[in-house]
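Start counting the sequence shown at 676; every next residue gets the next number (my numbering).
Structure record follows, encoded as structure tokens.
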Amino acid sequence: MERIFWVECPKCADRFCCDYELRHSKYKLICPFCSEQFLESESPEIDERL
Ligand SMILES: [Zn+2]
676 MERIFWVECP KCADRFCCDY ELRHSKYKLI CPFCSEQFLE SESPEIDERL
């Protein structure tokens with residue numbers, strides 16, 4: 676089973692899930708709602724629940 680985590684977009688505050696491979700990486704996440712690109716460290720909230 677693929678592990679995921681949830682992030683909150685710093686621009687539009689919507690939440691979406693990402694593949695866990697992107698956790699602790701240097702890749703930017705892309706918000707599916709507003710197309711904002713941001714690092715996970717810029718997310719106001721991160722939820723790692725399974
Ligand atoms: Zn957004």
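Glycine is no exception: its CB is placed at the ideal position from the N, C-alpha and C atoms.
Keep in mind that this is a model prediction, so the values were computed, not measured.
Tell me the rounded alpha-carbon separation between residue i and residue j.
i: F713; j: M676; result: 26 Å
i: D694; j: K701; result: 14 Å
i: E717; j: A688; result: 12 Å
i: F680; j: C692; result: 5 Å
i: E711; j: R724; result: 23 Å
i: E715; j: K703; result: 7 Å
i: R678; j: E696; result: 8 Å
Any heavy atom of ligand 3 closer than 7 Å to the CB of residue i?
i: E696; result: No copy of ligand 3 appears in this structure; the ligands present are ligand 1.
Counting by C-beta, which residues lie closer than 7 Å to a heavy atom of ligand 1, in chain order? C684, K686, C687, D689, C706, F708, C709, E711
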